[in-house]
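Read the structure below first, then the notes.
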Amino acid sequence: MDRCGIVSPRVLLLFFLSVPLVSHGFAPYPWPKVLYEDQFEYADLSRWRRIETAGGGAVVLDQTRRHSGRHAARCSIPKTEQARHAFLRCQTTHAPRRQEGSAVYVRAYFLFGEDVDTGTGEVPFLGLFRFKPAPDGAPEPDMVRLCLRKTAGKNVVAVAGSDEAGATDVVCGVWHCVEVKAVSVDGKCEVEISLNGKKEVFCRRAPLPASPDGFSFGFLDDSPGAGTILVDDVVVSDSPIGPDDCSVKLAHPCFIPRSAAPVVAILTGDRPTDRLTATFTGSGGMRRTVFRKEGPPGGRVDFTVDLSGLPAATYTLTVRLSDREEKTRAEASYTYEKPFDGVPEFSIDADNNILWNGKKFFPVTSFGLRRTSLSEWQNRRLCNLFYGMEWASDLPGVPGYRRLLDAARDAGGKMVGPAHDSRFDRPPDRKQWTTEAVEEYLRELKGHPAVAWWMWREEPVNWKYTPESQKQWWDAVKRLDPSRMVEILDMGNCYQIGLLKAQQVYLTWPFLAGDIYSWDIYPIENETAQAFADYAEVADRACRWNMNLVPVIANVATADVTPGRRGGTPTPQEIRFVCWLSIVHGAKGIHWYPYQGVVPPENYEAMARFVEETTVLTGAILGRQLPEFVSKKELSGGRVDTMATMDEKGDLWLFAVNLTRKPETVAFTFHPDDAGVVLPQGSVVRVFGEPRTLSLDGSRSFTDEFDGIGVRIYRIPARR
4 MDRCGIVSPR
14 VLLLFFLSVP
24 LVSHGFAPYP
34 WPKVLYEDQF
44 EYADLSRWRR
54 IETAGGGAVV
64 LDQTRRHSGR
74 HAARCSIPKT
84 EQARHAFLRC
94 QTTHAPRRQE
104 GSAVYVRAYF
114 LFGEDVDTGT
124 GEVPFLGLFR
134 FKPAPDGAPE
144 PDMVRLCLRK
154 TAGKNVVAVA
164 GSDEAGATDV
174 VCGVWHCVEV
184 KAVSVDGKCE
194 VEISLNGKKE
204 VFCRRAPLPA
214 SPDGFSFGFL
224 DDSPGAGTIL
234 VDDVVVSDSP
244 IGPDDCSVKL
254 AHPCFIPRSA
264 APVVAILTGD
274 RPTDRLTATF
284 TGSGGMRRTV
294 FRKEGPPGGR
304 VDFTVDLSGL
314 PAATYTLTVR
324 LSDREEKTRA
334 EASYTYEKPF
344 DGVPEFSIDA
354 DNNILWNGKK
364 FFPVTSFGLR
374 RTSLSEWQNR
384 RLCNLFYGME
394 WASDLPGVPG
404 YRRLLDAARD
414 AGGKMVGPAH
424 DSRFDRPPDR
434 KQWTTEAVEE
444 YLRELKGHPA
454 VAWWMWREEP
464 VNWKYTPESQ
474 KQWWDAVKRL
484 DPSRMVEILD
494 MGNCYQIGLL
504 KAQQVYLTWP
514 FLAGDIYSWD
524 IYPIENETAQ
534 AFADYAEVAD
544 RACRWNMNLV
554 PVIANVATAD
564 VTPGRRGGTP
574 TPQEIRFVCW
584 LSIVHGAKGI
594 HWYPYQGVVP
604 PENYEAMARF
614 VEETTVLTGA
624 ILGRQLPEFV
634 SKKELSGGRV
644 DTMATMDEKG
654 DLWLFAVNLT
664 RKPETVAFTF
674 HPDDAGVVLP
684 QGSVVRVFGE
694 PRTLSLDGSR
704 SFTDEFDGIG
714 VRIYRIPARR
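Numbered according to my numbering, the sequence shown spans residues 4 to 723.
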């Protein structure tokens with residue numbers, strides 16, 4: 004891993020399907036028909052390029068009024084004399100697919116609150132502009148701006164700065180579909196506005212120097228108005244979009260290498276009496292109803308599909324929204340071809356746990372070892388899976404990786420890789436990987452027994468690879484080695500905390516290009532007062548921005564990543580802290596990163612201890628999540644994060660991590676009824692790895708002490 008870098012492709016997410024799909028050979032997963040789409044179902048506005056507020060303005064999620072799903076964005080500004088605004092900006096500079104043609108279409112649903120005051124006459128609510136090229140990246144002034152204009156006693160849509168305006172009264176308090184088309188014709192910008200599917204305004208403006216790649220929604224800069232605007236169902240495309248009054252859109256991972264899969268159905272126009280039915284069919288005659296819900300659907304429904312034991316066939320998942328008489332109102336489908344029987348050696352279950360031969364597996368991997376070191380790492384139990392290439396291979400490409408796989412097989416292990424190929428991304432020409440190079444690996448090595456799953460160019464955005472390339476490589480695997488998974492390694496902004504770099508580079512969501520994602524940000528190397536809390540937030544976003552559809556693996560440094568500059572060599576306590584903090588925030592595995600400095604002996608001991616702990620605790624770490632089971636209060640004002648689970652034996656587990664370097668006392672309270680579990684009277688709390696047992700008081704509470712960045716693991720044995 005060359006550590007100069009940026010991050011992963013815009014590749015971080017799932018694809019929404021709004022129409023039935025047809026199987027195309029081994030295509031595992033659809034690719035976007037639009038440039039950008041957001042229905043706010045990630046419940047996280049930080050995914051947007053920018054949120055701009057001033058003068059008391061606010062942009063928040065709203066769950067009380069929505070056009071689809073469960074969420075919309077609410078932009079509000081007070082009525083004051085000072086400059087104020089509240090709006091969202093999105094960016095399509097690095098859309099998952101390239102824009103075709105010169106026209107751009109932007110559609111969103113707006114609800115103008117009954118409190119909207121147009122002030123001096125108009126409120127700008129939608130803007131089209133460009134972002135300056137990197138490294139500046141700042142937004143330029145709007146090329147086109149739509150506004151709500153008060154005229155003749157009614158509100159109409161209009162193009163700001165022009166006389167052109169619609170005639171239809173935009174009634175406040177109800178949702179309206181606004182779509183704008185902007186295209187350069189004969190050096191002029193033609194703007195066409197549609198309201199609820201009908202053309203309202205056409206005008207020709209000043210020159211359009213380039214197609215816009217930035218779009219803003221809400222109360223725009225220095226708005227003269229006041230009140231509330233809700234925004235939902237934002238789409239940017241290079242072809243007409245149109246209204247969407249009733250639909251089902253599916254978010255899901257690729258089903259091919261999985262034993263089970265989560266599915267999210269996002270509904271538009273659903274009614275309280277509607278029903279949702281999910282049917283799973285196979286070309287061999289199989290037909291299952293995998294989910295059924297009587298109304299009200301509530302805008303979004305989550306369910307899982309069992310994929311275990313399926314024979315080779317073509318399969319279709321169809322999700323249908325129907326009325327009380329079972330008349331279909333809308334439906335969506337996902338069709339894929341599974342060219343092998345059963346479940347692969349490595350697979351993924353409905354909770355995004357990685358399975359090895361059907362058993363839950365928490366991978367802890369090496370990275371970049373020479374083949375002569377594989378046996379040592381295996382024997383010392385420093386990892387349970389190998390990952391990467393040889394740093395300085397004298398045999399590049401497929402022959403070199405074959406030799407490394409042979410060494411992994413001889414050491415009794417499996418390998419994730421190749422992650423790197425010294426034929427590519429090197430001076431002077433910096434020739435890039437191609438789909439043909441990926442196919443060469445697959446043809447030559449897919450049968451090798453040491454292959455666990457594939458990872459191609461790690462940190463692909465750092466090496467200027469497009470999202471399309473990642474999707475093409477993923478498709479190649481599903482075509483030539485379909486039973487194996489693909490992992491894509493993302494990274495942060497040169498190891499910094501804050502945002503995943505992908506948020507800044509690929510701001511069009513949501514599209515998956517792999518089965519597993521991983522990321523590397525090092526909080527010890529970049530420690531500030533807020534670093535550990537920021538790290539936890541980034542870990543949450545890595546899961547949340549993928550709508551929790553794929554496993555996420557974190558990289559943990561065990562040496563000084565930037566010798567002589569920042570955090571220094573992490574201690575064993577710091578290594579353990581970062582590992583368990585990552586797990587508490589959703590990591591389904593850990594990649595060790597033992598570079599660029601030297602790993603001291605005590606850190607190797609810490610690594611081996613962690614492998615031993617996670618081996619013993621796999622069932623607990625990957626157990627049933629119980630988010631409602633425990634509440635806590637930090638008595639010294641610090642922060643301790645927790646994760647509660649139930650393993651397959653019925654034991655209850657609580658993982659707790661202190662996010663500060665100061666000691667902390669924490670009072671924990673269990674809420675078994677809220678979590679749907681039984682906590683018998685007289686239950687005791689055992690502290691994992693320590694000879695201590697804690698008693699619960701009458702309110703099912705206990706108190707414990709934490710060292711700075713301390714980790715505690717508690718078990719409540721089930722009554723047997």
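Even for Gly, the Cβ is constructed at its ideal location relative to N, Cα and C.
Exclusion of the five residues before and after arginine 52 leaves Arg92, Cys93, Gln94 and Leu510 as the residues of its chain whose Cβ lies within less than 6 Å of its Cβ. For serine 639, there is no enclosing alpha helix (DSSP H), as DSSP marks it with neither H nor E. Following the DSSP letters along the chain, one finds tyrosine 468 in no alpha helix (DSSP H), marked with neither H nor E. Remark: C-beta atoms of aspartate 118 and glycine 230 approach each other more closely than 8 Å. For glutamine 94, the enclosing beta strand (DSSP E) stretches over residues 88-94. Threonine 696 sits away from alanine 670, with the two beta carbons spaced by 8 Å or more.
In this structure, the straight-line span from the alpha carbon of proline 399 to that of methionine 392 is close to 10 Å. Ranked by Cα distance from alanine 453, the options Val126, Ser686, Arg412 and Val173 are led by Arg412.
Under the three-state reduction of DSSP, cysteine 180 is assigned to strand. In this structure, the straight-line span from the alpha carbon of serine 197 to that of tyrosine 108 is close to 11 Å. Phenylalanine 115 places its beta carbon less than 8 Å from that of isoleucine 232.
Segment contact: the region 353-361 against the region 262-280, three or more CB-CB distances shorter than 8 Å; contact assigned. By a beta-carbon distance limit of 8 Å, glycine 713 contacts asparagine 661. Their separation comes to about 5 Å. Residue environment for leucine 638: exposed (fewer than 16 other C-beta atoms within 10 angstroms of its C-beta). Alanine 111 and leucine 129 do touch by the CB rule: their CB atoms are close to 7 Å apart, below 8 Å. The region 512-530 and the region 442-452 do not touch, with fewer than 3 CB-CB distances between them shorter than 8 Å.
Taking C-beta separations shorter than 6 Å and ignoring five residues to either side along the sequence, the partners of proline 275 in its chain run Gly298 and Pro299, following chain order. Within the region 418-470, the complete beta strand (DSSP E) segments at least 3 residues long are 418-421 and 454-458, listed from N- to C-terminus. Lysine 665 and alanine 268 have their C-alpha atoms roughly 44 Å apart.
Residue state for methionine 649 is assigned as strand, using DSSP reduced to three classes. Counting along the chain, the unbroken beta strand (DSSP E) around asparagine 158 starts and ends at 157-162. Here tryptophan 522 is bridged, per DSSP, to Asp493 and Ala557. Phenylalanine 113 and aspartate 216 have their C-alpha atoms spaced approximately 21 Å apart.
Threonine 331 and arginine 278 have their C-alpha atoms some 9 Å from each other. By the C-beta density criterion, glycine 228 is buried, having at least 16 other C-beta atoms within 10 angstroms. Taking C-alpha positions only, serine 325 is separated from alanine 333 by approximately 7 Å. By the 16-neighbour rule on beta-carbons within 10 angstroms, aspartate 428 is buried. Here glutamine 381 is buried: its Cβ has 16 or more other Cβ atoms, across all protein chains shown, within 10 Å.
Our two residues, serine 472 and arginine 373, have alpha carbons roughly 28 Å apart in a direct line. Annotated three-state conformation of threonine 121 is coil, per DSSP. When C-alpha distances from arginine 703 are compared across Val643, Phe632, Arg642 and Arg715, the shortest belongs to Phe632. Under DSSP, asparagine 661 forms a beta bridge with Val643. Collapsing the DSSP output to three states places glutamate 393 in coil.
Look at cysteine 582 here: in three-state DSSP terms it is helix.
Secondary-structure assignment with DSSP links phenylalanine 205 through a beta bridge to Glu195. Taking 8 Å as the cut-off, the Cβ atoms of leucine 629 and histidine 255 do not count as close.
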